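Some notes on the structure that comes next.
2 protein chains.
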Amino acid sequence: MNPESVLEVTERTKLQRRPNRGHYDRDTLYSILDEGMVCHLGFAAHGQTFVVPTAYGRSGDRLFVHGSAASRMMKTLAQGVDVCLTVTLLDGLVLARSAFHHSVNYRSAMVFGRATVVDENEKYEALRLFMEQVTPGRWDVTRPPTSQELKGTTVLALPIEEASAKIRTGPPIDDPDDMGLSVWAGVIPVAVRAGAPIEDGSSGLVAPVYKRYAT
Amino acid sequence: MNPESVLEVTERTKLQRRPNRGHYDRDTLYSILDEGMVCHLGFAAHGQTFVVPTAYGRSGDRLFVHGSAASRMMKTLAQGVDVCLTVTLLDGLVLARSAFHHSVNYRSAMVFGRATVVDENEKYEALRLFMEQVTPGRWDVTRPPTSQELKGTTVLALPIEEASAKIRTGPPIDDPDDMGLSVWAGVIPVAVRAGAPIEDGSSGLVAPVYKRYAT
Numbered sequence: 231m232n233p234e235s236v237l238e239v240t241e242r243t244k245l246q247r248r249p250n251r252g253h254y255d256r257d258t259l260y261s262i263l264d265e266g267m268v269c270h271l272g273f274a275a276h277g278q279t280f281v282v283p284t285a286y287g288r289s290g291d292r293l294f295v296h297g298s299a300a301s302r303m304m305k306t307l308a309q310g311v312d313v314c315l316t317v318t319l320l321d322g323l324v325l326a327r328s329a330f331h332h333s334v335n336y337r338s339a340m341v342f343g344r345a346t347v348v349d350e351n352e353k354y355e356a357l358r359l360f361m362e363q364v365t366p367g368r369w370d371v372t373r374p375p376t377s378q379e380l381k382g383t384t385v386l387a388l389p390i391e392e393a394s395a396k397i398r399t400g401p402p403i404d405d406p407d408d409m410g411l412s413v414w415a416g417v418i419p420v421a422v423r424a425g426a427p428i429e430d431g432s433s434g435l436v437a438p439v440y441k442r443y444a445t
Numbered sequence: 231m232n233p234e235s236v237l238e239v240t241e242r243t244k245l246q247r248r249p250n251r252g253h254y255d256r257d258t259l260y261s262i263l264d265e266g267m268v269c270h271l272g273f274a275a276h277g278q279t280f281v282v283p284t285a286y287g288r289s290g291d292r293l294f295v296h297g298s299a300a301s302r303m304m305k306t307l308a309q310g311v312d313v314c315l316t317v318t319l320l321d322g323l324v325l326a327r328s329a330f331h332h333s334v335n336y337r338s339a340m341v342f343g344r345a346t347v348v349d350e351n352e353k354y355e356a357l358r359l360f361m362e363q364v365t366p367g368r369w370d371v372t373r374p375p376t377s378q379e380l381k382g383t384t385v386l387a388l389p390i391e392e393a394s395a396k397i398r399t400g401p402p403i404d405d406p407d408d409m410g411l412s413v414w415a416g417v418i419p420v421a422v423r424a425g426a427p428i429e430d431g432s433s434g435l436v437a438p439v440y441k442r443y444a445t
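Chains A and B, in that order, are what the protein sequence lines are.
Sequential numbering from 231 applies to the first sequence in the working numbering.
Sequential numbering from 231 applies to the second sequence in the working numbering.
Dropping the structure here:
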C-alpha cells in the first residue's frame, strides 16, 4: 500500500464543517496514528453507544487493539460490528481577541470499519509490534507470553480503508475589527511529555527509552 | 448536589472487567472531568457510531459542549440521542517484567445520557464558564460574543447522573516467578504540559496563565 495514496471520501468520512481542515492521505493519517498511544473506540452494544479508551498499534494499513478475551468490548467487536476509532493529539490552546474565535490546535484521525480477530499465528507478532513501537528492543528482554496468556488475549485488526484526519494549526483568526483590541492573543502550545522513570525495585538496569513522547 | 455522593451503578456503567478499578463517587468523577479539556463524544447517526473529539466544561452536575449550530454533531445531539462522553487522562506507561503484564496508568470518566440544548439566557453564561475554567479572568478582557455569534452557536448540557470512573495507578504487577528476571520494570510517567506562549503580533501584554496543565 502506497503511503502517499489518498483514501476515497465517503459519506462517513466527509467533513461537513471546515472541509479545509480535512486530510485523506495515508501519510497524514499515519503520522497522527503513530504519535498517539491511546485511541477512543466507539461501538454500539445493545443499542447503546460506548466510547472506550484503549491502547493501539499500527502495522502497515491496519490498526491493532487488544484486550482480555473475556471483555465485553472485545467480544462485541469480534462480532464484526461497525466501529469508529478516533485518535486525538491536542497541540495548543488558541486564544483570540474575541471570545467567539477561541479554538484549539489539534490533529485527529477517525477510522471507520469492522475489526476482525487475528489468528493465533499473527497474534504473537501483533503483540510484539505493540511493544516495539513504544519501547524498541524491549520485547527481546521481557518474559514472552505463555500459551495460556496468549489464549486469554484477543487481538483485533481494523483496516485503515475508510478514514479521515482533521487538523487545525496556527494562530487565532480574529475579525479585522478586533485586531486593535488590547488583548493578548496567540497560542499556548501543549504536548504530552514523559517524566523521570520510576523503577519498581532496584535492578541497577537502565530504564528503556520511551520513543513517542519527548522528555 | 453533594459532591461526595455516589452514583447508582447501572447496566451501562457497571465495570465488567477489573471492578476494583471502578469509582462512582462525584468527587472522583469531577476531579477527572476538571483536569481534562478534550472529551470524546460518541453517538449514533444513521446507524453509524461516531466518536468526535471536542472541548467541554463542567458546571455543577452538568457537562457542557458547544459547536456551530450548523454542525452535524450538534444537530444530532440536540435531538436527544443517547451519548457516551469519555474523558481520558494518560498518566504513565507501566513496564512489567513480562510482556503480558504491561499496562498503562490512566484515569478515565465515562458519562452516559442525553444532552439538551441550553436556552439563550443560559448560553452566554455557559460560554463564559468554558473560558473561565481554562483561563480565569479572560472573559472580561476579550470582546464578548455578538448576538449573531451566539445565534450561530449551540450549547448542550449533559447531566452527570449515570457515570463511572476507571483508574489504574501504581507499579507493574508481575507474577512472583518473574520478579527475579533481569528486566527494568517500573512506570514512565506522562502528562500534558504547556509550552511557552506564542503571541500573535506584539501587544506588550502578559500572556494569560493556563491553569489546567503545568508548564
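Where is the CB? At the ideal position from N, CA and C, for every residue including glycine.
Quick caveat, the model's predicted, so the values are computed rather than measured.
Where do the N-terminal and C-terminal ends of the alpha helix (DSSP H) with residue i fall, by residue?
i        : result
B/Gln309 : No alpha helix (DSSP H) contains B/Gln309, which DSSP labels as neither H nor E.
A/Arg288 : Where A/Arg288 is concerned, there is no enclosing alpha helix (DSSP H), although the beta strand (DSSP E) it sits in stretches over 287–289.
B/Ser261 : 256–265
For the beta strand (DSSP E) containing residue i, name the first residue and the last one.
i        : result
B/Arg373 : From DSSP, B/Arg373 is part of no beta strand (DSSP E); its letter is neither H nor E.
A/Arg327 : Element bounds for A/Arg327: n/a, residue is neither H nor E.
B/His276 : Where B/His276 is concerned, there is no enclosing beta strand (DSSP E), given that its DSSP letter is neither H nor E.
A/Ser301 : Looking at the DSSP string, A/Ser301 is not in any beta strand (DSSP E), and its letter there is neither H nor E.
So, are the CB atoms of residue i and residue j less than 8 Å apart?
i        : j        : result
A/His332 : A/Ile403 : no
A/Arg292 : A/Leu388 : yes
A/Gly416 : A/Pro406 : no
B/Ala345 : B/Thr243 : no
A/Ser301 : B/Gln246 : yes
A/Val341 : A/Leu315 : yes
B/Leu323 : A/Tyr440 : yes
B/Ile397 : B/Arg248 : no
A/Arg337 : A/Met409 : no
A/Val413 : B/Thr365 : no
B/Thr399 : B/Val347 : no
A/Gly382 : A/Ser261 : no
A/Pro438 : B/Leu271 : no
B/Ala395 : B/Thr258 : yes
B/Asn307 : B/Phe273 : The amino acid occupying residue 307 of chain B in the given sequence is Leu; Asn does not appear at that position. Closer than 8 Å, so yes.
B/Val295 : B/Leu386 : yes
A/Arg442 : B/Ala421 : no
B/Gly343 : B/Glu391 : yes
B/Ala329 : A/Met361 : yes
B/Arg256 : B/Ser235 : yes
Could you tell me whether the Cβ of residue i comes closer than 8 Å to any Cβ of chain D?
i        : result
A/Glu265 : In the displayed structure, chain D is absent; the protein chains listed are A and B.
Contacting positions in the region 240–263 of chain A - beta carbon closer than 7 Å to chain B: Arg242, Gln246, Arg247
Enumerated in chain order, which unbroken segments of the beta strand (DSSP E) with a length of 3 residues or greater are wholly contained in the region 356–440 of chain B? Within the region 356–440 of chain B, the runs of beta strand (DSSP E) that reach at least 3 residues and sit entirely inside it are, in chain order, 383–389, 392–398, 416–424.
At a CB distance below 9 Å, what residues from the region 288–312 of chain A approach chain B? Give them in sequence order. Gly297, Ser298, Ala300, Ser301, Arg302, Met303, Val311, Asp312
Compile a chain-ordered list of the residues in the region 417–433 of chain B whose CB is closer than 9 Å to at least one CB of chain A. Val417, Ile418, Pro419, Val420, Ala421, Val422, Arg423, Ala424, Gly425, Ala426, Pro427, Ile428, Glu429, Asp430, Gly431, Ser433
Could you please tell me which residues of the region 382–405 of chain A, in chain order, have their CB closer than 7 Å to any CB of chain B? Residues of the region 382–405 of chain A with a Cβ closer than 7 Å to any Cβ of chain B, in chain order: Pro401, Pro402.
Inspect the CB distances between the region 282–291 of chain B and the region 306–314 of chain B and report whether three or more fall short of 8 Å. no
Cβ pair count under 8 Å reaching 3, the region 317–332 of chain A against the region 251–266 of chain A: Segments in contact, yes.
Would you check if the region 428–435 of chain B and the region 410–425 of chain A touch, i.e. whether three or more CB-CB distances between them fall below 8 Å? yes
Interface positions of the region 335–347 of chain A facing chain B (Cβ-Cβ less than 9 Å), listed along the chain: Look at the region 335–347 of chain A: the residues with a C-beta under 9 Å from a C-beta of chain B are Tyr336, Ser338, Met340, Phe342.
Within 9 Å of chain A by C-beta, residues of the region 273–288 of chain B in sequence order: Phe273, Ala274, His276, Gly277, Gln278, Thr279, Phe280, Val281, Val282, Pro283, Ala285
Select from the region 350–369 of chain B all residues with a C-beta closer than 9 Å to any C-beta belonging to chain A, and list them in chain order. Leu357, Arg358, Phe360, Met361, Val364, Thr365, Arg368, Trp369
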